[in-house]
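In the working numbering, the protein residues as written are 524 to 725.
Just so you know, even glycine gets a beta-carbon here, dropped at the ideal spot from N, CA and C.
No experiment lies behind these values; they were computed from the predicted model shown.
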(Lines of atoms letter the chains of each structure in order from A and count residues from 1; the text may use other names and numbers.)
(Lines give C-alpha, C1' and ligand atoms only; values in the text may rest on other atoms or scores of the structure.)
Protein backbone atom coordinates (compact mmCIF):
# COMPACT_ATOMS: atom_id res chain seq x y z
CA UNK A 1 0.00 0.00 0.00
CA UNK A 2 1.35 3.39 -0.99
CA UNK A 3 2.16 6.06 1.56
CA UNK A 4 -0.01 9.13 1.19
CA UNK A 5 1.69 12.34 0.14
CA UNK A 6 -0.27 15.42 1.23
CA UNK A 7 0.33 18.40 -1.06
CA UNK A 8 -0.65 21.98 -0.32
CA UNK A 9 -0.12 23.71 -3.64
CA UNK A 10 -0.07 27.50 -3.58
CA UNK A 11 -0.24 29.64 -6.71
CA UNK A 12 1.67 32.92 -6.59
CA UNK A 13 0.57 34.91 -9.61
CA UNK A 14 -1.43 37.79 -11.04
CA UNK A 15 -5.21 38.14 -11.06
CA UNK A 16 -5.61 36.47 -14.45
CA UNK A 17 -3.66 33.38 -13.37
CA UNK A 18 -5.55 33.12 -10.08
CA UNK A 19 -8.86 33.44 -11.91
CA UNK A 20 -7.86 30.42 -14.00
CA UNK A 21 -6.98 28.52 -10.81
CA UNK A 22 -10.46 29.36 -9.51
CA UNK A 23 -11.98 27.91 -12.69
CA UNK A 24 -9.91 24.74 -12.18
CA UNK A 25 -11.23 24.37 -8.65
CA UNK A 26 -14.82 24.87 -9.76
CA UNK A 27 -14.43 22.16 -12.39
CA UNK A 28 -12.73 19.78 -9.95
CA UNK A 29 -15.51 20.36 -7.42
CA UNK A 30 -18.17 19.59 -10.04
CA UNK A 31 -17.22 15.90 -10.16
CA UNK A 32 -19.22 13.57 -7.95
CA UNK A 33 -17.73 10.44 -6.37
CA UNK A 34 -18.82 7.05 -7.70
CA UNK A 35 -18.38 3.49 -6.50
CA UNK A 36 -15.64 3.01 -9.08
CA UNK A 37 -14.00 6.38 -8.36
CA UNK A 38 -14.74 7.41 -4.74
CA UNK A 39 -11.98 10.08 -4.73
CA UNK A 40 -12.85 11.56 -8.15
CA UNK A 41 -9.40 10.80 -9.56
CA UNK A 42 -10.89 11.17 -13.05
CA UNK A 43 -11.36 14.89 -12.33
CA UNK A 44 -7.62 15.59 -12.39
CA UNK A 45 -7.27 14.01 -15.82
CA UNK A 46 -10.35 15.76 -17.19
CA UNK A 47 -9.30 19.22 -15.99
CA UNK A 48 -5.56 19.15 -16.70
CA UNK A 49 -5.20 16.56 -19.48
CA UNK A 50 -8.24 17.03 -21.75
CA UNK A 51 -6.07 16.20 -24.77
CA UNK A 52 -5.63 12.57 -23.68
CA UNK A 53 -7.88 9.78 -24.88
CA UNK A 54 -10.04 7.91 -22.38
CA UNK A 55 -7.68 4.92 -22.35
CA UNK A 56 -4.51 7.03 -21.91
CA UNK A 57 -3.01 7.53 -18.46
CA UNK A 58 -1.32 10.84 -17.58
CA UNK A 59 2.17 10.97 -16.09
CA UNK A 60 1.54 12.82 -12.84
CA UNK A 61 4.96 12.13 -11.38
CA UNK A 62 3.20 9.91 -8.84
CA UNK A 63 1.10 6.78 -9.27
CA UNK A 64 -2.16 8.60 -8.62
CA UNK A 65 -3.42 11.96 -7.42
CA UNK A 66 -6.76 13.41 -6.38
CA UNK A 67 -8.14 16.54 -4.78
CA UNK A 68 -8.47 16.61 -0.99
CA UNK A 69 -10.93 19.15 0.39
CA UNK A 70 -11.82 17.11 3.47
CA UNK A 71 -8.76 17.04 5.72
CA UNK A 72 -7.67 20.69 5.28
CA UNK A 73 -9.10 24.10 4.44
CA UNK A 74 -7.73 25.86 1.41
CA UNK A 75 -7.55 29.49 0.30
CA UNK A 76 -8.64 30.71 -3.12
CA UNK A 77 -5.08 30.48 -4.43
CA UNK A 78 -4.47 26.95 -3.14
CA UNK A 79 -5.18 23.36 -4.10
CA UNK A 80 -4.97 20.48 -1.64
CA UNK A 81 -4.04 17.19 -3.29
CA UNK A 82 -3.21 13.69 -2.16
CA UNK A 83 -0.82 11.56 -4.18
CA UNK A 84 0.98 8.25 -3.84
CA UNK A 85 4.51 8.04 -2.39
CA UNK A 86 5.71 11.47 -3.54
CA UNK A 87 4.60 14.85 -4.85
CA UNK A 88 3.03 14.92 -8.37
CA UNK A 89 5.92 16.79 -9.98
CA UNK A 90 4.78 16.32 -13.57
CA UNK A 91 1.29 17.59 -12.72
CA UNK A 92 2.82 20.69 -11.12
CA UNK A 93 4.80 21.27 -14.32
CA UNK A 94 1.61 20.85 -16.34
CA UNK A 95 -0.21 23.42 -14.21
CA UNK A 96 2.66 25.89 -14.56
CA UNK A 97 2.70 25.54 -18.36
CA UNK A 98 -1.06 26.01 -18.59
CA UNK A 99 -0.79 29.23 -16.57
CA UNK A 100 2.14 30.60 -18.59
CA UNK A 101 -0.12 32.58 -21.01
CA UNK A 102 -1.66 34.36 -18.01
CA UNK A 103 1.50 35.07 -16.01
CA UNK A 104 5.05 34.35 -17.15
CA UNK A 105 6.34 35.07 -13.63
CA UNK A 106 4.00 32.62 -11.94
CA UNK A 107 5.36 30.49 -9.09
CA UNK A 108 3.83 27.29 -7.76
CA UNK A 109 4.90 26.40 -4.22
CA UNK A 110 4.08 22.91 -2.99
CA UNK A 111 4.44 22.26 0.73
CA UNK A 112 4.11 18.52 1.15
CA UNK A 113 4.66 15.72 3.61
CA UNK A 114 4.78 11.94 3.36
CA UNK A 115 3.76 10.08 6.49
CA UNK A 116 4.89 11.74 9.73
CA UNK A 117 8.64 11.89 9.21
CA UNK A 118 9.29 13.29 5.74
CA UNK A 119 8.39 16.66 4.25
CA UNK A 120 9.44 19.02 1.51
CA UNK A 121 8.99 22.29 -0.35
CA UNK A 122 9.01 22.51 -4.13
CA UNK A 123 8.99 25.60 -6.35
CA UNK A 124 7.93 25.45 -10.00
CA UNK A 125 7.74 28.20 -12.61
CA UNK A 126 6.84 28.03 -16.31
CA UNK A 127 9.53 28.62 -18.90
CA UNK A 128 7.05 28.38 -21.78
CA UNK A 129 3.71 26.79 -22.52
CA UNK A 130 5.60 23.55 -23.06
CA UNK A 131 8.20 23.41 -20.29
CA UNK A 132 8.70 24.34 -16.64
CA UNK A 133 11.56 24.70 -14.18
CA UNK A 134 11.43 23.18 -10.69
CA UNK A 135 13.58 22.82 -7.58
CA UNK A 136 12.89 20.97 -4.37
CA UNK A 137 14.09 20.86 -0.76
CA UNK A 138 13.22 17.97 1.53
CA UNK A 139 14.03 16.65 4.96
CA UNK A 140 13.19 13.59 7.05
CA UNK A 141 13.74 12.49 10.61
CA UNK A 142 13.63 9.43 12.83
CA UNK A 143 10.91 10.26 15.36
CA UNK A 144 12.23 7.62 17.74
CA UNK A 145 15.14 9.95 18.48
CA UNK A 146 12.84 12.58 20.05
CA UNK A 147 11.13 12.67 23.43
CA UNK A 148 7.74 13.69 22.05
CA UNK A 149 5.93 14.61 18.84
CA UNK A 150 6.07 18.37 19.52
CA UNK A 151 9.86 18.32 19.70
CA UNK A 152 10.02 16.24 16.52
CA UNK A 153 7.62 18.56 14.66
CA UNK A 154 9.55 21.67 15.71
CA UNK A 155 12.86 20.17 14.59
CA UNK A 156 11.40 18.98 11.29
CA UNK A 157 9.85 22.38 10.51
CA UNK A 158 13.01 24.34 11.41
CA UNK A 159 15.28 22.08 9.39
CA UNK A 160 12.97 22.23 6.38
CA UNK A 161 12.93 26.04 6.56
CA UNK A 162 16.74 26.01 6.43
CA UNK A 163 16.68 23.59 3.50
CA UNK A 164 14.13 25.78 1.71
CA UNK A 165 16.26 28.93 2.05
CA UNK A 166 19.34 27.03 0.88
CA UNK A 167 17.50 25.71 -2.15
CA UNK A 168 16.11 29.13 -3.04
CA UNK A 169 19.43 30.98 -2.78
CA UNK A 170 21.73 28.40 -4.38
CA UNK A 171 19.40 26.92 -7.00
CA UNK A 172 15.98 28.39 -7.72
CA UNK A 173 16.72 32.11 -7.51
CA UNK A 174 20.24 31.62 -8.76
CA UNK A 175 18.72 30.32 -12.01
CA UNK A 176 15.60 32.54 -11.93
CA UNK A 177 16.71 35.82 -10.29
CA UNK A 178 13.86 37.77 -11.92
CA UNK A 179 11.46 35.94 -9.61
CA UNK A 180 13.05 37.38 -6.46
CA UNK A 181 10.71 40.38 -6.55
CA UNK A 182 7.70 38.10 -6.79
CA UNK A 183 8.78 35.98 -3.83
CA UNK A 184 9.90 38.94 -1.74
CA UNK A 185 6.48 40.56 -2.09
CA UNK A 186 4.72 37.33 -1.21
CA UNK A 187 7.07 35.93 1.45
CA UNK A 188 9.02 38.85 2.97
CA UNK A 189 9.64 36.88 6.18
CA UNK A 190 12.19 34.62 4.49
CA UNK A 191 15.71 35.60 5.54
CA UNK A 192 17.14 35.97 2.04
CA UNK A 193 19.40 38.61 0.51
CA UNK A 194 16.75 39.64 -1.99
CA UNK A 195 18.66 42.54 -3.53
CA UNK A 196 21.47 40.25 -4.63
CA UNK A 197 19.02 38.58 -7.00
CA UNK A 198 16.82 41.57 -7.82
CA UNK A 199 19.82 43.46 -9.20
CA UNK A 200 20.66 40.75 -11.68
CA UNK A 201 19.33 40.70 -15.20
CA UNK A 202 17.25 37.80 -16.35
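| query | result |
| --- | --- |
| Does DSSP put residue 572 in a helix, a strand or coil? | coil |
| Closest to residue 642 by C-alpha separation, out of 685, 625, 543 and 699, would be which residue? | 685 |
| If you follow the alpha helix (DSSP H) that residue 615 is part of, which residue opens it and which one closes it? | 612-622 |
| Are residue 609 and residue 637 close, meaning C-beta to C-beta below 8 angstroms? | yes |
| Answer with buried or exposed for residue 657, where buried requires no fewer than 16 other C-beta atoms within 10 angstroms of its C-beta. | buried |
| Taking residue 648 as the reference, which of 699, 687 and 689 has the closest Cα? | 699 |
| What residues in its chain sit with their C-beta under 6 angstroms from that of residue 611, if we drop five residues either side in the sequence? | 583, 584, 585 and 588 |
| For a test of the three-state rule: what should DSSP assign to residue 627, helix, strand or coil? | coil |
| Decide if the stretch 623-640 is in contact with the stretch 531-539; the criterion is three or more beta carbon pairs, one per stretch, under 8 angstroms apart. | yes |
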